[in-house]
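A.B. asks: In the order they appear, the protein sequences are chains A and B. So the first sequence is numbered by my numbering: it starts at 1162 and just counts up by one. So the second sequence is numbered by my numbering: it starts at 1162 and just counts up by one. Just passing along the structure, written as C-alpha cells.
2 protein chains.
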Amino acid sequence: MVPHLTTALTGPLLTLEKQILDAMPRIEHWFRHQWQEHSAPFYASVDLRNAGYKLAPVDTNLFPAGFNNLNKAFDALCVQAAMSAVEKICPDTRQFLLIPENHTRNPYYLQNVSSLKSILQRAGFTVRIGSLLPDLAQPTEVPLPQGGSLLLEPVQRQGNRLVLENFDPCAILLNNDLSGGVPDLLKNLSQAIVPPPWAGWSTRRKSLHFTAYRQVAEEFCRLIQIDPWFIDPYFDHRSGVDFSQGIGLEEVQSQVADLLQKIRQKYQEYAIKENPFVILKADAGTYGMGVMTIKDPKELNQLNRRQRNKMAVIKEGQEVHEVLLQEGVPTFETVEDSVAEPVVYMMDHFVVGGFYRVHTERGIDENLNAPGAHFAPLAFQTPAMSADCTHQPDAPHNRFYTYGVVARLALLAAARELEMMAPRFSS
Amino acid sequence: MVPHLTTALTGPLLTLEKQILDAMPRIEHWFRHQWQEHSAPFYASVDLRNAGYKLAPVDTNLFPAGFNNLNKAFDALCVQAAMSAVEKICPDTRQFLLIPENHTRNPYYLQNVSSLKSILQRAGFTVRIGSLLPDLAQPTEVPLPQGGSLLLEPVQRQGNRLVLENFDPCAILLNNDLSGGVPDLLKNLSQAIVPPPWAGWSTRRKSLHFTAYRQVAEEFCRLIQIDPWFIDPYFDHRSGVDFSQGIGLEEVQSQVADLLQKIRQKYQEYAIKENPFVILKADAGTYGMGVMTIKDPKELNQLNRRQRNKMAVIKEGQEVHEVLLQEGVPTFETVEDSVAEPVVYMMDHFVVGGFYRVHTERGIDENLNAPGAHFAPLAFQTPAMSADCTHQPDAPHNRFYTYGVVARLALLAAARELEMMAPRFSS
Chain A
1162 MVPHLTTALT GPLLTLEKQI LDAMPRIEHW FRHQWQEHSA PFYASVDLRN AGYKLAPVDT
1222 NLFPAGFNNL NKAFDALCVQ AAMSAVEKIC PDTRQFLLIP ENHTRNPYYL QNVSSLKSIL
1282 QRAGFTVRIG SLLPDLAQPT EVPLPQGGSL LLEPVQRQGN RLVLENFDPC AILLNNDLSG
1342 GVPDLLKNLS QAIVPPPWAG WSTRRKSLHF TAYRQVAEEF CRLIQIDPWF IDPYFDHRSG
1402 VDFSQGIGLE EVQSQVADLL QKIRQKYQEY AIKENPFVIL KADAGTYGMG VMTIKDPKEL
1462 NQLNRRQRNK MAVIKEGQEV HEVLLQEGVP TFETVEDSVA EPVVYMMDHF VVGGFYRVHT
1522 ERGIDENLNA PGAHFAPLAF QTPAMSADCT HQPDAPHNRF YTYGVVARLA LLAAARELEM
1582 MAPRFSS
Chain B
1162 MVPHLTTALT GPLLTLEKQI LDAMPRIEHW FRHQWQEHSA PFYASVDLRN AGYKLAPVDT
1222 NLFPAGFNNL NKAFDALCVQ AAMSAVEKIC PDTRQFLLIP ENHTRNPYYL QNVSSLKSIL
1282 QRAGFTVRIG SLLPDLAQPT EVPLPQGGSL LLEPVQRQGN RLVLENFDPC AILLNNDLSG
1342 GVPDLLKNLS QAIVPPPWAG WSTRRKSLHF TAYRQVAEEF CRLIQIDPWF IDPYFDHRSG
1402 VDFSQGIGLE EVQSQVADLL QKIRQKYQEY AIKENPFVIL KADAGTYGMG VMTIKDPKEL
1462 NQLNRRQRNK MAVIKEGQEV HEVLLQEGVP TFETVEDSVA EPVVYMMDHF VVGGFYRVHT
1522 ERGIDENLNA PGAHFAPLAF QTPAMSADCT HQPDAPHNRF YTYGVVARLA LLAAARELEM
1582 MAPRFSS
C-alpha cells in the first residue's frame, strides 16, 4: 500500500521522479563510483519528507532501530546486504556482540534488537546481546511482544577486549547511539567496533551531516541537472545557546528570519502556495526530542517554561547548547487521512526496506518521530532499490526507487561526514 | 512448496543438513575467506541431486538460462547481487550488451533473456540485446510467450569494439555458452566481457570443474568433519573416444566398472540399499545432450546406432571425443509423484533463487535436463541463503540453506577452475 499524494501537488513531484527515473543508469553509475571512493556505514535509516514539490532527508540515523517494522518478505535482502557489509568492514568476524540501547522497557525496541540479531544469525554469525545497563547483574531473559524472549547479558571488560561469560566476540555492532557519551568500557578495544563509537550523538552533529549532504546534493543535481533545492532543505546552525537561560535566542531568531526569507523566495520562484516554516532541533539530538516548529521568528520570544525545558534537555539528560535550524518540508503523503513520512533502511550501500511512520494526531508541518507518540508502521510492499521504466513514475516501486535514491544520497553524506570526523576521533 | 523426501531416506540427509546448519557461522566465515581469495563468476546455476543420503552438484552452468523460472518475489535479490557483481568485475559499466544463445525459436529461453535484461535494467544499466545470428540482417522484434517482445539487434565489429547501431556498450554479458567455439567477432575486444569467452564449452571441461570441486569439497568437509563423499560424487574422465567408430569404449567400460565398484563399497559402508549407476556425459556438453545412464559396463557393448549417434554429436554439431564418467546420484525428491531436481541460481557469490526441474516421465536415475523433455519449473518459495536455527533442519528455508551451501561450493569450484584456465586462455 502506497500513501496517496494530495492530488493538487502531484505535478512537480512527478517531474522530479521522472527526472530521476530517466537518469537511472547515470545515477547508478555515479553511486558505484562514489562507493569506490567512500565506505558506506554498516547500516543507517533515513527519515524522508515528501512535500510533493520537494523530497528531502530530514534525519540520518547511524544506529537505526525499527528493523522489526520492515516487510518480512524482504528479510533476505537484509541478510545479503549484511554479508556484504561484514565482508568490507570486518571480514574475519564470526561472532558478533550486539550492544543495544538501555531502554529495555520499550518492547518494540527489543523486537528491533531481536530482528537485527536474526538478520546477523541468518548471515552466518553467532550473535549475543551485551547490555550496558549498569544494574544488570546477570544474564536476563526479557519477553518480546511478538512472543519469545531476548537474553540480555552484562558486558565485561577483559584487558582490551569486551566479552560476555564464555563469549569472546570478534566484533561489536553498536545499536546504541551513545547520547550520554562513550563509556570507558568501549574505549581502546582491540575488537572491531561498528559503527565507530565517535559516530554516536556525543560527538556527531547534524549540521556537519547536512553540510556533507549539501555537497552531495550539489554534485548529484549537477549530474541530473535539477535545482538542488528540490532535494536539499536550507539549514543553518548555532552554538552557545541556552534555552533555560534564554541565551543566544536572539541570534537564532534572526537566523530563522533569514531562512524563512530564503524559503519564501524559492516558494515564489516555483509558485508554491505554502507557508514557510523552520524546524529547530538539537544539533546532536535524537528520538524526536528537542524539536520545535517555528512559523514566525516572534514565537521564540514567547516560549513558556515548558517549551524551554523541552528544548533544553534531551535524551539521557544531555543539555542542548547547539541547534540546527532546518527548512521545514511539509509532508503531503497520507495514509488513511493521517500524515505519513517514509523511513528508508540501508545496510552497506544497499537499500533493504522501509516503512511509513504514520501519525494520526499530528499536522503536516510537525515532527512525526515524537516521544510517546503513536505511529503505525506500514512496511513498504516493494523493495526500494529497483525501478521499472515500463511503469508510470508514481507506480509504487518507482516511487520507492526515488526514495531509495534520496536516502542513499543521505547515506553517502554520512560516509563523507564520518571521513571528515575520523582524523579527530579515530585512534 | 518443498518436494517431499521419500520418508525411508530422511534419516541420513537430516544428519547432513543438521551438521551444515550447526556449523553455519563457521561455514559463512569460511566462504567469506574464500571469496577474498577467489573471484566468483558473474553468474551461475548449479544442478543438484538430493539422494537423501547424499546431496551433490551434478552440473555447473556459467551461462545460466532459466532466470524466468525464479520466484518474482525475490527479483530484488538478483538486482542487489547484480550490483555487487558489476562493482567487482566492471565497475565503470553503464551500458551492457547482452549476447544470448542463437536458438530464438525457444520462447522460454527468450523469456529468460528478457528476465536477465530486466534485472540489469533495474540494477541501473542500459541494456540492449546483441545477437550473433548470422542471418539477422536488421533489428528484429521477437514476441515473448508471457506478452511483450524482445528487440534482437545484429552485432557489428568496429575496430576492437563490439557495437550495435548507435550503441557503444561499456561491457558485454555473455548468455551464450559458445559451444561452437569463440567467434572472431568476440576476439581481442577492448570492452570487458563477462564471463570470459574461454569459459564457454569450446574450452571448458566438466572434468576440470569436478577436479576443482573435489578439492573444495575436501576442504569444506574437513571444516565440518564429514566424509566428502556425502557431497562429492566419484568421477573419472577419458579422452580420445569416438562413439560412432567404437574407439576407446573398452577403456571407458573398465573405468565404469571401477567406479561402480567404488560406489558399491560406499553403499556398503553406509548401508545404502541402492543399485549403483554411472552417468556418462560429454566432458564439454550442455543442454542435457550426450548423456546416458549405465548400470552395467556391458551396456557399452550393446549400444545401437541411435544410442551411439546420440552420444557422438551434441549441441551445435560438436563431436564428442572426451567424456566424463560421474557417479549417479539418484533423486529422491518428488513433486506430486514426479521426480524433481533442484537448480540453484547465483549472481556474484550470492544465492538469488532456484527452482525444481520436475519430470513426469523420467526415473530417479535419469537425466532430467533432456532436450525436448517437458519439465515444470517450480520456484523455491523462500530464499536459499539464510537459515533459521529455531526451525527443524528439514523446514523449507533450512533445506534451501543446505542447497545454497552445496551450490556455493560448486560456484567456488568454478572460480578456482577459471583461475586454473586463465593462464592458458586469457590474453
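Glycine is no exception: its CB is placed at the ideal position from the N, C-alpha and C atoms. All values derive from a computational prediction rather than experimental measurement.
Please classify A/HIS1520 as buried or exposed, where buried requires at least 16 neighbouring CB atoms within 10 angstroms.
C.D. replies: buried
A.B. asks: Determine the chain B residues that contact A/HIS1199 at a beta-carbon separation under 8 Å, and present them in chain order.
C.D. replies: Those do not exist, as A/HIS1199 stays about 13 Å from chain B at its closest Cβ, beyond 8 Å.
A.B. asks: So if I threshold CB-CB distances at 8 Å, which residues from the region 1227–1241 of chain B count as touching chain A?
C.D. replies: ALA1234, PHE1235, ASP1236, ALA1237, LEU1238, VAL1240 and GLN1241
A.B. asks: For B/PRO1491, which residues does DSSP report across the bridge?
C.D. replies: Looking at the DSSP assignment, B/PRO1491 forms no beta bridge with any residue, so it has no partner.
A.B. asks: Return the chain-ordered list of same chain residues with a C-beta closer than 6 Å to the C-beta of B/LEU1461, the five sequence neighbours on each side being excluded.
C.D. replies: Excluding residues within five positions, the ones whose Cβ falls inside 6 Å are LEU1410 and GLN1414.
A.B. asks: Which residues in the same chain have their Cβ closer than 7 Å to the Cβ of A/LEU1339, if we skip the five residues on either side of it in sequence?
C.D. replies: PRO1358, GLY1361, TRP1362 and SER1363
A.B. asks: Please list the residues of the region 1285–1307 of chain A that have a C-beta atom closer than 7 Å to any C-beta atom in chain B, keeping them in chain order.
C.D. replies: GLY1285, PHE1286 and THR1287
A.B. asks: Less than 9 Å between the beta carbons of B/THR1254 and B/ALA1332, yes or no?
C.D. replies: yes
A.B. asks: Looking at the unbroken beta strand (DSSP E) that takes in A/GLU1379, where does it start and where does it end?
C.D. replies: Taken as a continuous stretch (DSSP letters only), A/GLU1379 belongs to no beta strand (DSSP E), being part of the alpha helix (DSSP H) at 1367–1385.
A.B. asks: Would B/GLN1256 count as contacting chain A if we go by Cβ distances under 9 Å?
C.D. replies: yes
A.B. asks: Can a CB atom of chain A be found closer than 9 Å to the CB of B/ASN1365?
C.D. replies: It is worth fixing the name first, because residue 1365 of chain B is Arg in this sequence and not Asn. For B/ARG1365, the answer is no, since every Cβ of chain A falls outside 9 Å of its Cβ.
A.B. asks: Evaluate the contact criterion for the region 1232–1244 of chain B versus the region 1387–1404 of chain B: three or more CB pairs, one atom per stretch, below 8 Å.
C.D. replies: no
A.B. asks: Residue range of the alpha helix (DSSP H) that A/VAL1240 falls in?
C.D. replies: 1236–1250
A.B. asks: When we look at the beta-carbon of B/ASP1329 and count the other beta-carbons within 10 Å, is it buried (16 or more) or exposed?
C.D. replies: Burial call: exposed.
A.B. asks: Using a Cβ-Cβ cut-off of 6 Å (strictly less than) and excluding sequence neighbours within five positions of B/SER1245, which residues of its own chain qualify?
C.D. replies: ASP1509
A.B. asks: Could you give the DSSP three-state label for B/PRO1186: helix, strand or coil?
C.D. replies: Here B/PRO1186 sits in helix by DSSP.
A.B. asks: Go through the region 1251–1318 of chain A residue by residue and report every complete run of the alpha helix (DSSP H) that reaches 4 residues or more, in order.
C.D. replies: 1268–1283
A.B. asks: When DSSP labels each residue in this structure, what does A/LYS1471 get in the three-state scheme?
C.D. replies: helix
A.B. asks: Tell me the rounded alpha-carbon separation between B/PRO1356 and B/GLY1451.
C.D. replies: Straight-line spacing of the CA atoms in B/PRO1356 and B/GLY1451 works out to 24 Å.
A.B. asks: Using a cut-off of 8 Å between C-beta atoms, extract the partners of B/HIS1594 located in chain A.
C.D. replies: Absent from the model: residue 1594 of chain B. The displayed extent of chain B is 1162 to 1588, so no value can be given.
A.B. asks: Does the region 1424–1433 of chain B come close enough to the region 1466–1486 of chain B to have 3 or more Cβ pairs within less than 8 Å?
C.D. replies: no
A.B. asks: May I have the straight-line CA-CA distance separating A/GLY1285 from B/TRP1191, to the nearest angstrom?
C.D. replies: Using only the alpha carbons, I get a separation of about 10 Å.
A.B. asks: With the cut-off set at 9 Å, would you say A/LEU1271 and A/LEU1231 are in Cβ contact?
C.D. replies: No; because the gap between Cβ atoms is not below 9 Å, this pair is not in contact.
A.B. asks: Would you please verify whether the beta carbon of B/PHE1511 is less than 9 Å from any beta carbon of chain A?
C.D. replies: yes
A.B. asks: Compile a chain-ordered list of the residues in the region 1180–1200 of chain B whose CB is closer than 8 Å to at least one CB of chain A.
C.D. replies: MET1185, PRO1186, ARG1187, ILE1188, GLU1189, HIS1190, PHE1192, ARG1193, HIS1194, TRP1196 and GLN1197
A.B. asks: When you compare each of A/ASP1208, A/SER1587 and A/LEU1175 to A/GLY1565 by their alpha carbons, which one comes out closest?
C.D. replies: A/ASP1208
A.B. asks: Does the beta-carbon of B/GLU1326 have 16 or more other beta-carbons within 10 angstroms, so that it is buried, or is it exposed?
C.D. replies: exposed
A.B. asks: For A/MET1581, count neighbouring C-beta atoms within 10 Å of its own C-beta (all shown protein chains included) and say buried if the count is 16 or more, exposed if not.
C.D. replies: exposed
A.B. asks: Report the neighbours of B/GLU1248 on chain A: residues whose CB is nearer than 8 Å to its CB, in chain order.
C.D. replies: ARG1193, TRP1196 and GLN1197
A.B. asks: Looking only at its chain, what residues have a beta carbon closer than 7 Å to the beta carbon of A/LEU1277, apart from the 5 residues adjacent to it on each side?
C.D. replies: Here the set comprises PHE1228, LEU1259 and ASN1336.
A.B. asks: Mind listing the chain B neighbours of A/PRO1252? Cutoff is C-beta to C-beta under 8 Å, in chain order.
C.D. replies: ARG1193, HIS1194 and GLN1197
A.B. asks: Can you tell me whether A/HIS1535 is buried or exposed? The criterion is at least 16 other CB atoms within 10 Å of its CB, across all chains shown.
C.D. replies: Here the model assigns A/HIS1535 a pLDDT of 49, short of 50, so the residue's position is not dependable, and the following value carries that caveat. Exposed, by the Cβ-count rule.
A.B. asks: Consult DSSP for B/HIS1510 and reduce its assignment to one of helix, strand or coil.
C.D. replies: B/HIS1510 falls in the coil class under three-state DSSP.
A.B. asks: With DSSP as the reference, identify every bridge partner of B/ASP1208, one or two as the case may be.
C.D. replies: Answer is B/ASP1220 and B/VAL1504, bridged to B/ASP1208.
A.B. asks: Quick check on the DSSP output: the alpha helix (DSSP H) that includes A/LEU1410 runs from which residue to which?
C.D. replies: 1410–1430
A.B. asks: Sort A/PHE1516, A/LYS1459, A/ARG1399 and A/GLN1553 by Cα distance to A/VAL1484 and report the nearest one.
C.D. replies: A/ARG1399
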